[in-house]
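Residue numbers (our numbering), protein chains in the order written: chain B, 474 to 980; chain H, 79 to 378.
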């Protein structure tokens, strides 16, 4: 049963802002802290400035009905009782609200900056810092385990490999990790603030670079928002082509991850093969739209590029060769005892823990949770052609690798089917401008998991608020928990099995 | 073990014969743009208005396209009513000086090599520390891919190292966020002199899609001196590799074929189309998939 007090929207739905109910803070709080009991999970919780106050806006996902429950509550004053103690999955949302809007969630057990920037409301600061001062990134009260034999390992922001910056602190007893704390914010580019007042000619490019390896995913989430606000669906052919691009993006990244996992346990055959095969999938995206990362492929109203018979045939041919090679490479992993010995029982996250923390994407599915927006909240082409949810039970590195492999096989099948039965007609149609004073929500299952975009428009149809929730925002805490009671030398392997985004988190 | 050997046999030799042969790029690849301002209708600014990062501008020198700001998106070519802008299949775009990145009706040289002293030090061995300073992981991914067997960066003596203390220079991606500025400065300081700095991608050159944001510094040059600029969003791996090898004087030094006269420009576009046709032939080769193509016919 859906909650009568909430605004109910499908994925990619929009409604007049006036229909977004204003609940009392207590009622909103009740909806959040009872969410898990009622089989709901928090897709987004954020602050949005209203006339003279600040509203908390909530989007709950109901995976059974495929509906989204939305509501808001006005905050009075600069503090409210924290919900995190009763609902762990909002822990980072509440920290973000505190940092952006200078509101203190009283009783939050871990109230630290998320991205280390000044408050968006000058004069309101959750940590009482003087107006005009800028927090220094990475300077916060890190959790410490005390003891004579305890030592601390600090890594980053500049890492040893070619990866994005972040700071990791391990509390260790010998090799044994008691606790890992992850402190990010180095990639913060001020994106959400820049989106207010849009959309403009730069918005789609900002979306394509929110997380560059998820260009198709974020661009699709954004286009679903623009189409919902404009009140016109995308061209069916364009939707199918977006689906092809999204699954190619998944194939490239999952294949790359399988190779990187092999590399982290010193198994070079699969590491070498998959490193190359990842490029083959990227080149298929380039065949579609000229860009290895799918830039330019997804545009409001449909797809930026169409395909003809020759191109479809070429894609299918390349897909077949790549499928054979990636199957060979992945099977080597599951049949090599030295690989399996390192993958199995490393970095375990239980189903209960995954649900409590609100994990999404492959890490959630690897712990047995059936969370996949393509199945539970389908939009676009996924409404017509379903894709099975790939899950595993053990919640360890093996499970996260194996879920990726299952998804590789299913994405290949999906692309093959889409390309052979593409809807006729134009790939793109005109998209009317955004309507005024509207509220829209869009979810996309990217390769890392659920992307949630939420937009609100003003009287002129411009964004008055635009919220982006990258799957990494939910999942970084999962990595921290996976490392508990592991050896510190297993960190690279666990980290790669999550492969989370820094820029998608930092925005 | 036999299974591994069999897989190895099936996967085959995959390293590109670059730079001896340049593999064809995908036909829709948007490489080095060419401009033909003689086609511009009077007073038209459709491309300038369409560009998301203001890479296009008209000044006393006429219409210019700043590759350092360009995202290589299709918006300007879609907006142009007369086809005065075209992206070609040319992947070579790197430059040693920021000003050299502005494309006009004129001849651009490819990136100059380092001076003799620096070449003596680095030509056969260059160790780089990569710093992502607000990059979206697009540039990082295509910098990383040079380490795969397809490009095998190591055969040129170029390697990414784990510490700035072990490095000859920095390879910077991202617009340099305020939150990474200090880390970048410290990393630069930690590299022993003489050192070189390479800015990869629109962000590291100009701020890219984030130019003008409060939280970013609009490129690496705001913090450290830059010796090589490699444009793109992200640059194709071959664009990065060509830039590195040009700087090290390891690759032929012919001029970039962006000729001055309109006739030559037509030829230039014909040349680009011919390369696109090559790419389409590769598509055809894919269709005859029963016969595996040789590695030099494949896409990088």
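Quick reminder that beta carbons are idealized off the backbone N, C-alpha and C, glycines included.
Does any residue of chain B have a CB that is nearer than 8 Å to the CB of residue i?
i, result
"residue 300(H)", "no"
"residue 172(H)", "no"
"residue 133(H)", "no"
"residue 88(H)", "yes"
"residue 291(H)", "yes"
"residue 287(H)", "yes"
"residue 238(H)", "yes"
"residue 81(H)", "yes"
"residue 162(H)", "no"
"residue 339(H)", "Residue confidence for residue 339(H) is low, a pLDDT of 36 falling below 50, so the modelled location carries little weight and cannot support an answer."
"residue 308(H)", "no"
"residue 123(H)", "no"
"residue 85(H)", "yes"
"residue 265(H)", "yes"
"residue 113(H)", "no"
"residue 128(H)", "yes"
"residue 335(H)", "Unreliable positioning characterises residue 335(H) in this predicted model, as indicated by a pLDDT of 49, which lies under 50. A coordinate reading is not provided."
"residue 149(H)", "yes"
Strictly below 9 Å CB to CB, what residues from chain H border residue i?
i, result
"residue 636(B)", "208, 210, 215, 218 and 222"
So with CB distances below 8 Å, who are the chain B contacts of residue i?
i, result
"residue 305(H)", "By Cβ distance, chain B contributes nothing, its closest Cβ being about 19 Å from residue 305(H), past 8 Å."
"residue 234(H)", "In chain order: nothing, as chain B lies at least about 17 Å away."
"residue 51(H)", "Because chain H here runs from 79 to 378, residue 51(H) falls outside it and cannot be looked at."
"residue 261(H)", "630, 631, 638 and 659"
"residue 166(H)", "Neighbours of residue 166(H) on chain B: none; closest Cβ ~12 Å, over 8 Å."
8 Å is my cut-off, CB to CB: does residue i come that close to chain H?
i, result
"residue 884(B)", "no"
"residue 656(B)", "no"
"residue 823(B)", "no"
"residue 904(B)", "no"
"residue 660(B)", "yes"
"residue 842(B)", "no"
"residue 685(B)", "yes"
"residue 807(B)", "no"
"residue 497(B)", "no"
"residue 827(B)", "no"
"residue 969(B)", "no"
"residue 749(B)", "yes"
"residue 610(B)", "yes"
"residue 667(B)", "yes"
"residue 811(B)", "no"
"residue 976(B)", "yes"
Compare the C-alpha of residue i against each of the options and name the closest.
i, options, result
"residue 566(B)", "520(B), 553(B) and 545(B)", "520(B)"
"residue 628(B)", "970(B), 971(B) and 962(B)", "962(B)"
"residue 631(B)", "264(H), 237(H), 294(H) and 234(H)", "264(H)"
"residue 868(B)", "842(B), 854(B) and 662(B)", "842(B)"
"residue 555(B)", "543(B), 544(B) and 569(B)", "569(B)"
"residue 915(B)", "720(B), 896(B) and 939(B)", "939(B)"
"residue 755(B)", "766(B), 745(B), 762(B) and 888(B)", "766(B)"
"residue 821(B)", "591(B), 810(B) and 954(B)", "954(B)"
"residue 582(B)", "762(B), 688(B) and 557(B)", "557(B)"
"residue 553(B)", "599(B), 697(B) and 743(B)", "599(B)"
"residue 179(H)", "288(H), 279(H) and 130(H)", "279(H)"
Can you name the residues of chain H whose CB is closer than 8 Å to the CB of residue i?
i, result
"residue 589(B)", "257"
Could you check how far apart the C-beta atoms of residue i and residue j are, in whole angstroms? I think they sit under 8 Å.
i, j, result
"residue 685(B)", "residue 216(H)", "3 Å"
"residue 170(H)", "residue 188(H)", "6 Å"
"residue 833(B)", "residue 947(B)", "5 Å"
"residue 321(H)", "residue 308(H)", "4 Å"
"residue 146(H)", "residue 250(H)", "13 Å between Cβ atoms; not a contact."
"residue 933(B)", "residue 909(B)", "6 Å"
"residue 966(B)", "residue 626(B)", "Actually they are not in contact, since the Cβ atoms of residue 966(B) and residue 626(B) sit about 16 Å apart, beyond 8 Å."
"residue 749(B)", "residue 226(H)", "6 Å"
"residue 590(B)", "residue 575(B)", "Actually they do not touch by this definition, with Cβ atoms about 12 Å apart."
Can you list the residues of chain B that residue i reaches, using a CB-CB cut of under 9 Å?
i, result
"residue 254(H)", "Result: empty, since nearest Cβ-Cβ is about 10 Å, beyond 9 Å."
"residue 277(H)", "By Cβ distance, chain B contributes nothing, its closest Cβ being about 15 Å from residue 277(H), past 9 Å."
So which residues on chain B does residue i lean against when the C-beta distance must stay under 7 Å?
i, result
"residue 108(H)", "763"
"residue 204(H)", "Correct list: empty, because the minimum Cβ distance to chain B is about 15 Å."
Show which residues of chain H have a CB atom less than 7 Å away from the CB atom of residue i.
i, result
"residue 742(B)", "82, 85 and 86"
Item to complete: Kindly provide the ranges of any beta strand (DSSP E) runs that are 3 or more residues long and lie completely inside the stretch 841-921 of chain B, ordered along the chain.
Response: 911-919
Worksheet entry | Complete beta strand (DSSP E) runs within the stretch 125-179 of chain H (minimum length 3 residues, chain order) | 134-137, 140-144 and 163-165
Item to complete: Please go through the stretch 624-682 of chain B and give each complete beta strand (DSSP E) segment of 3 or more residues, from N-terminal end onward.
Response: 640-646 and 649-656
Fill in: Length-filtered (4 minimum) alpha helix (DSSP H) runs lying within the stretch 227-282 of chain H
256-268
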